[in-house]
Amino acid sequence: MATPPQSSVEAAISAEHLVRRFGNFTAVNDVSFRVEKGEIFGFLGPNGSGKTTVIKMLTGLLPLSGGSAWVEGLDVGTDSEAVRERIGYMSQNFSLYYDLTVAENLQFYGRIYSLKPARLKRRIEEIVQLNGLGPYMNRLAAQLSGGWKQRLALGCAMLHEPKLLFLDEPTAGIDPVARRQLWDLLFELSGHGITFFVTTHYMDEAERCSHVAYIYYGKLIADGTPDSLRQLPDVQPHGTKRIEITAPEVTRALRLARRIPGIRSATIFGQSIHALVDEHFDLDELRNQLLKNGIAVTEIRPLAPSLEDVFVELTYKQQALLEVASD
Amino acid sequence: MTNIFRGFGAVFYKEVLHVRRDFATLFFSLIIPLLQMVLLGFGIDTNIRQINTVVFNADGRRESRELLDRLKNSDTFHINRYVQSDDDLNDAIISGRARVGIKIPVDYSDRLLHQMSAQVLVLIDGSDSSVAGQAINVTTAIGLDESLRRVLQDRAAFAVDMRPKILFNPDSRSPNFLLPGLTAILLLNVTTFLTAFSIVREKERGTLEQLFVTPVRPMGLLLGKLLPYLGIGFFELTLILTFMRFVFRVPIHGDVFLLALLSLPYLFVSLSLGILISSKANSQAEAMQLAFLTILPSIFFSGYIFPRETMPWIFHTLSYFVPATYYINITRGIILRGAGVVHLWIDGLALFAMGTLLLILAARRFHNKVIVA
Numbered sequence: 069m070a071t072p073p074q075s076s077v078e079a080a081i082s083a084e085h086l087v088r089r090f091g092n093f094t095a096v097n098d099v100s101f102r103v104e105k106g107e108i109f110g111f112l113g114p115n116g117s118g119k120t121t122v123i124k125m126l127t128g129l130l131p132l133s134g135g136s137a138w139v140e141g142l143d144v145g146t147d148s149e150a151v152r153e154r155i156g157y158m159s160q161n162f163s164l165y166y167d168l169t170v171a172e173n174l175q176f177y178g179r180i181y182s183l184k185p186a187r188l189k190r191r192i193e194e195i196v197q198l199n200g201l202g203p204y205m206n207r208l209a210a211q212l213s214g215g216w217k218q219r220l221a222l223g224c225a226m227l228h229e230p231k232l233l234f235l236d237e238p239t240a241g242i243d244p245v246a247r248r249q250l251w252d253l254l255f256e257l258s259g260h261g262i263t264f265f266v267t268t269h270y271m272d273e274a275e276r277c278s279h280v281a282y283i284y285y286g287k288l289i290a291d292g293t294p295d296s297l298r299q300l301p302d303v304q305p306h307g308t309k310r311i312e313i314t315a316p317e318v319t320r321a322l323r324l325a326r327r328i329p330g331i332r333s334a335t336i337f338g339q340s341i342h343a344l345v346d347e348h349f350d351l352d353e354l355r356n357q358l359l360k361n362g363i364a365v366t367e368i369r370p371l372a373p374s375l376e377d378v379f380v381e382l383t384y385k386q387q388a389l390l391e392v393a394s395d
Numbered sequence: 068m069t070n071i072f073r074g075f076g077a078v079f080y081k082e083v084l085h086v087r088r089d090f091a092t093l094f095f096s097l098i099i100p101l102l103q104m105v106l107l108g109f110g111i112d113t114n115i116r117q118i119n120t121v122v123f124n125a126d127g128r129r130e131s132r133e134l135l136d137r138l139k140n141s142d143t144f145h146i147n148r149y150v151q152s153d154d155d156l157n158d159a160i161i162s163g164r165a166r167v168g169i170k171i172p173v174d175y176s177d178r179l180l181h182q183m184s185a186q187v188l189v190l191i192d193g194s195d196s197s198v199a200g201q202a203i204n205v206t207t208a209i210g211l212d213e214s215l216r217r218v219l220q221d222r223a224a225f226a227v228d229m230r231p232k233i234l235f236n237p238d239s240r241s242p243n244f245l246l247p248g249l250t251a252i253l254l255l256n257v258t259t260f261l262t263a264f265s266i267v268r269e270k271e272r273g274t275l276e277q278l279f280v281t282p283v284r285p286m287g288l289l290l291g292k293l294l295p296y297l298g299i300g301f302f303e304l305t306l307i308l309t310f311m312r313f314v315f316r317v318p319i320h321g322d323v324f325l326l327a328l329l330s331l332p333y334l335f336v337s338l339s340l341g342i343l344i345s346s347k348a349n350s351q352a353e354a355m356q357l358a359f360l361t362i363l364p365s366i367f368f369s370g371y372i373f374p375r376e377t378m379p380w381i382f383h384t385l386s387y388f389v390p391a392t393y394y395i396n397i398t399r400g401i402i403l404r405g406a407g408v409v410h411l412w413i414d415g416l417a418l419f420a421m422g423t424l425l426l427i428l429a430a431r432r433f434h435n436k437v438i439v440a
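First to last, the sequence lines map onto chains X and D.
Residue numbering for the first sequence follows the working numbering, starting at 69 and increasing by one per position.
Residue numbering for the second sequence follows the working numbering, starting at 68 and increasing by one per position.
Below you can see the structure in the form of structure tokens.
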């Protein structure tokens with residue numbers, strides 16, 4: 069067993085040069101990242117890009133083809149059972165037994181982790197306190213709405229007081245209120261020092277994470293805080309800036325804007341246009357041009373790139389690289 | 068933590084809850100085998116009796132009527148029509164109204180009275196070989212008997228007197244033969260299906276994936292899932308035996324407790340088979356198909372219906388790999404022949420070895436195909 073570097077012991081997750089091959093196919097290709105204790109780490113990427121494979125490797129289900137990983141200071145390659153004692157996992161389909169009641173689901177998962185009866189009772193009380201499942205304890209899990217199912221699943225994953233929780237698309241298919249309540253709960257728990265590893269497709273959720281990484285076809289192409297990613301030079305093509313134009317007649321404005329020299333690309337976001345323009349593009353000049361053509365303008369202002377912009381740009385860059393490599 | 072059965076208790080308790088909650092499934096899986104038993108027990112008689120027979124009696128005198136009476140009294144033939152021409156005789160067989168046609172020629176009685184050899188034509192529909200075989204045997208025997216009686220004139224005894232005595236099942240009752248074998252098929256049915264479904268359901272639901280990230284160990288999980296169904300299998304066995312003994316009046320000659328004991332390794336085999344199926348199947352429909360596939364050899368190669376002795380060598384060899392072969396030997400042995408542990412321990416051992424092998428195989432497949440995939 070390799071002795072972990074001191075820094076790996078301190079991190080919640082420390083992945084170094086992770087590789088996973090299935091036959092000739094490399095699902096995870098030299099992926100390294102580090103998640104500090106108490107972070108909410110957002111792990112993003114399109115379907116089939118290797119997110120689930122990375123989770124399986126970190127939870128000790130899938131042997132590594134190369135590299136090394138420490139979870140809560142334990143080597144996942146040699147200590148996977150101890151790792152599983154310390155982590156919680158909630159899958160996107162809320163792995164509950166629908167023909168068991170809420171209480172029975174909680175009791176089952178508690179027993180799986182060998183909690184003593186007294187501790188199990190106390191933990192169930194605490195969890196119910198936290199997520200408000202109290203009135204539903206004797207109801208079958210099948211009868212709960214999506215949001216409550218998800219809270220129950222989270223409760224089941226937390227019974228054994230793990231310091232690190234993996235949540236695989238926790239908000240897929242639940243209503244916006246339940247989605248917000250879940251995030252409030254995650255922030256509260258992370259305040260108590262619990263680390264979260266969350267995969268999601270929602271960009272607004274990615275923005276809430278304290279640390280995000282983006283995986284694209286097995287390669288990690290972004291890793292940092294949302295703010296630091298927005299500052300990446302790759303994301304802001306050299307000699308350009310982003311602006312937002314708000315106008316009542318947004319489609320007409322777009323048609324015109326696309327003809328104005330200096331505007332490199334433009335797309336509609338609700339009632340406004342997001343455009344990538346030359347660095348020295350004059351905003352007053354643009355306003356005059358639009359007014360001259362009979363288009364009212366509410367506001368024009370500089371815009372920081374959204375995380376979506378960041379990932380789109382990085383994906384284009386990566387695709388270009390892959391094409392060069394295959395030529 | 069090196070407890071390889073970790074999580075057993077939790078899984079076992081949960082599985083009992085599932086079974087209790089889904090009472091309908093349990094009820095039907097217990098009742099349907101009993102229905103099958105009723106159908107087979109009351110409805111099917113493998114002894115061939117009362118074959119529909121058409122007669123063209125061109126002679127019509129006393130000797131010819133005596134011959135027909137003897138055929139009727141054999142219980143093998145049921146004369147359901149008389150015709151007056153060869154064409155009608157043929158027609159009755161082709162149309163399926165009769166399986167056997169008997170033609171007594173016009174000179175039958177004359178020839179007998181003049182001490183000459185008289186011929187009787189027996190036409191047999193060969194579509195069903197066992198019916199045809201029985202018809203040949205009985206008509207030949209009656210012909211031989213009739214000839215001997217005329218030669219010996221009822222005075223002397225036969226030179227060789229064969230005295231067959233059937234041990235066990237002296238009346239050749241079909242239920243006695245069929246039901247002990249059916250027990251093996253029904254048990255396999257119930258337990259293999261239930262275990263396979265209980266695991267595949269968790270696959271479909273995603274709970275299996277969840278369990279694999281907990282400290283539960285594969286052996287703890289599998290045994291926890293297996294034992295409740297072992298209990299159900301045992302209960303089913305008791306039901307079947309009770310029905311067999313008291314409804315179908317099949318006498319049990321041997322020790323019921325030995326039967327129960329030797330049923331354990333068989334149940335173990337069928338449960339492990341269920342787990343093996345679940346490691347392959349990803350949906351309940353797929354599990355159903357695979358389960359049927361495993362049950363087929365048990366029906367055809369185990370000796371349940373077709374005697375293993377008459378199988379081509381390849382099927383005969385194959386029958387040694389079918390668990391039901393050994394179990395049917397055990398059930399028939401104990402129920403019909405009153406066999407004891409001295410006669411049957413090898414079958415029990417073979418089953419136990421098969422079960423262990425299958426469970427290890429299933430656990431490994433589980434690890435390689437389900438967890439890691």
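Just so you know, even glycine gets a beta-carbon here, dropped at the ideal spot from N, CA and C.
These numbers were taken from a predicted model, which means no experiment stands behind them.
Going along the chain, which residues of its own chain have a beta-carbon closer than 6 Å to the beta-carbon of L454/X, five neighbours each way excluded?
Lying before the first or after the last residue shown, residue 454/X is absent from chain X, which here runs from 69 to 395.
Leaving out five residues before and five after A246/X in sequence, what residues of the same chain have Cβ atoms less than 6 Å from its Cβ?
Stepping through the first sequence from its first residue, residue 246/X is reached at position 178. Shown here for A246/X: same chain residues with a beta carbon closer than 6 Å to its own, the five before and five after excluded, namely G215 in chain order.
Return helix, strand or coil for G298/D, following the three-state DSSP convention.
Locating residue 298/D in the second sequence gives position 231, where the first residue counts as 1. Taken through DSSP and simplified to helix, strand or coil, G298/D comes out as helix.
Give the residues of chain D in contact with S213/X, contact being defined as C-beta atoms less than 7 Å apart.
Taking the first residue of the first sequence as position 1, residue 213/X is located at position 145. Contact of S213/X with chain D by beta-carbon distance below 7 Å is absent, the smallest such distance being about 18 Å.
Taking Cβ to Cβ, would you say P100/D is nearer than 8 Å to I307/D?
Numbered from its first residue, the second sequence carries residue 100/D at position 33. Numbered from its first residue, the second sequence carries residue 307/D at position 240. Judged by their CB atoms, P100/D and I307/D are nearer to each other than the 8 Å cut-off.
With a cut-off of 8 Å on the beta carbons, I'd call G209/X and Y166/X a contact; round off their distance for me.
Here residue 209/X corresponds to residue number 141 of the first sequence, with the count starting at 1. Here residue 166/X corresponds to residue number 98 of the first sequence, with the count starting at 1. Gly is not the amino acid found at residue 209/X; the sequence shown has Ala there. The Cβ separation is near 5 Å, so the contact holds.
For V22/D, name the three-state secondary structure that DSSP assigns.
Not covered by the structure: residue 22/D. The range shown for chain D is 68 to 440.
Looking at C-alpha atoms only, which residue of T361/D, L328/D and I395/D is the closest neighbour of I342/D?
Indexing the second sequence from 1 puts residue 342/D at position 275. The shortest Cα separation from I342/D among T361/D, L328/D and I395/D belongs to T361/D.
Could you pull out every unbroken alpha helix (DSSP H) segment of at least 4 residues lying fully inside the stretch 267-345 of chain X, listed in chain order?
Complete alpha helix (DSSP H) runs here, min 4: 271-276, 294-298 and 318-325.
Would you say L425/D reaches chain X, if we count a Cβ-Cβ gap shorter than 8 Å as a contact?
Position 358 of the second sequence, counting from 1, holds the residue named residue 425/D. Chain X contact via Cβ: absent.
For R217/D, the first and last residue of its enclosing alpha helix (DSSP H):
Taking the first residue of the second sequence as 1, we reach residue 217/D at position 150. Counting along the chain, the alpha helix (DSSP H) containing R217/D begins and ends at S196 to L219.
Residues that Y204/X contacts on chain D, provided the C-beta gap is smaller than 9 Å
Numbered from 1 along the first sequence, position 136 holds the residue referred to as residue 204/X. Under the 9 Å cutoff, chain D gives no residues; its nearest Cβ is about 17 Å from Y204/X.
I'd like the span of the alpha helix (DSSP H) that includes Y393/D, first residue to last.
In the second sequence, residue 393/D corresponds to position 326, counting from 1. For Y393/D, the enclosing alpha helix (DSSP H) starts and ends at P390 to R404.
Taking the beta carbon of E376/D as the centre, do at least 16 other beta carbons fall within 10 Å, making it buried, or is it exposed?
Position 309 of the second sequence, counted from the first residue, corresponds to residue 376/D. When all chains shown are included, E376/D counts as exposed.
Residues of the stretch 79-95 of chain D in Cβ contact with chain X at a cutoff of 8 Å, in chain order, please.
Here the close residues are Y80, K81, L84, H85, R88 and D89.
What are the start and end residues of the alpha helix (DSSP H) that includes Y80/D?
Numbered from 1 along the second sequence, position 13 holds the residue referred to as residue 80/D. Unbroken alpha helix (DSSP H) run through Y80/D: F75 to R88.
Can you have a look at R268/D and say buried or exposed, based on whether 16 or more other CB atoms are within 10 angstroms of its CB?
In the second sequence, the residue the question calls residue 268/D occupies position 201. Residue burial is scored here from C-beta neighbours: R268/D has at least 16 other C-beta atoms within 10 angstroms and is therefore classed as buried.
Taking 8 Å as the CB-CB limit, is F101/X close to chain D?
The residue given as residue 101/X occupies position 33 in the first sequence. Not an interface residue.
Could you tell me whether the stretch 147-162 of chain D touches the stretch 123-132 of chain D, where touching means 3 or more Cβ pairs closer than 8 Å?
Enough Cβ pairs lie closer than 8 Å, so yes.
Measure the CB-CB distance between T314/X and E367/X and report whether it falls below 8 Å.
One-based indexing of the first sequence puts residue 314/X at position 246. One-based indexing of the first sequence puts residue 367/X at position 299. Result yes, Cβ atoms of T314/X and E367/X sit closer than 8 Å.
Going along the chain, which residues of the stretch 278-291 of chain D sit with their C-beta nearer than 8 Å to a C-beta in chain X?
Per Cβ criterion, the list reads L278, F279, V280, T281, P282 and V283.
Which residues mark the beginning and the end of the alpha helix (DSSP H) in which K347/D is found?
Translated into the one-based positions of the second sequence, residue 347/D becomes position 280. Here the alpha helix (DSSP H) through K347/D covers V323 to K347.
Is DSSP giving M68/D helix, strand or coil here?
Walking along the second sequence from the start, residue 68/D turns up at place 1. Any reading at M68/D must be qualified, since the residue scores a pLDDT of 47, below 50, and its modelled position is unreliable; the value itself is stated next. When DSSP states are grouped into helix, strand and coil, M68/D belongs to the coil group.
Listing by chain order, which chain X residues have their CB less than 8 Å from the CB of A430/D?
Position 363 of the second sequence holds residue 430/D. Result: empty, since nearest Cβ-Cβ is about 16 Å, beyond 8 Å.
Report yes if the C-beta distance between K231/X and T267/X is below 8 Å; otherwise report no.
For this step, residue 231/X is matched to residue 163 along the first sequence. For this step, residue 267/X is matched to residue 199 along the first sequence. No, the pair does not count as a contact, with Cβ atoms beyond the cut-off.
C-alpha gap between M69/X and I155/X, whole angstroms
Position 1 of the first sequence, counted from the start, is the residue given in the question as residue 69/X. Position 87 of the first sequence, counted from the start, is the residue given in the question as residue 155/X. Low confidence applies here, because M69/X scores a pLDDT of 45, under 50, leaving its location unreliable and the question unanswered by this model.
Which residues in the same chain have their Cβ closer than 8 Å to the Cβ of L168/X, if we skip the five residues on either side of it in sequence?
For this step, residue 168/X is matched to residue 100 along the first sequence. The residues are F176, L208 and A209.
Compute the Euclidean distance between the alpha carbons of A150/X and I195/X, then round it to the nearest angstrom.
Residue numbering aside, residue 150/X sits at position 82 when the first sequence is read from its first letter. Residue numbering aside, residue 195/X sits at position 127 when the first sequence is read from its first letter. Approximately 23 Å between the Cα atoms of the pair.
Report the residues of the stretch 176-196 of chain X with a CB closer than 7 Å to any CB of chain D, ordered along the chain.
Those residues of the stretch 176-196 of chain X that come within reach of chain D (Cβ to Cβ, closer than 7 Å) are F176, R179, I180 and Y181.
Got a sec: is the Cβ-Cβ distance from T274/D to anything in chain X below 8 Å?
As a working note, residue 274/D is residue 207 in the second sequence. Judged by the 8 Å Cβ criterion, T274/D is in contact with chain X.
Does any residue of chain X bring its CB to less than 8 Å from the CB of F77/D?
Position 10 of the second sequence, counted from the start, is the residue given in the question as residue 77/D. Correcting the residue type first, residue 77/D is Ala in the shown sequence and not Phe. With 8 Å as the cut-off, A77/D counts as an interface residue toward chain X.
How close, in whole Å, do the beta carbons of A114/D and S265/D come, if the pair is a contact with beta carbons under 8 Å?
Residue 114/D sits at position 47 when you count from the first residue of the second sequence. Residue 265/D sits at position 198 when you count from the first residue of the second sequence. The displayed chain sequence assigns Asn, not Ala, to residue 114/D. Contact flag wrong, Cβ pair sits at about 41 Å.
Quick one: what's got a C-beta closer than 6 Å to D291/X's C-beta in the same chain, skipping five residues either side?
Residue numbering aside, residue 291/X sits at position 223 when the first sequence is read from its first letter. The residues F101 and A281, in chain order, have a CB closer than 6 Å to that of D291/X in the same chain once the five nearest residues on each side in sequence are set aside.
Rounded straight-line distance, which links the Cα of P294/X to that of A95/X
Start at 1 with the first residue of the first sequence, and residue 95/X comes out as number 27. Start at 1 with the first residue of the first sequence, and residue 294/X comes out as number 226. Each residue's alpha carbon lies about 25 Å from the other.
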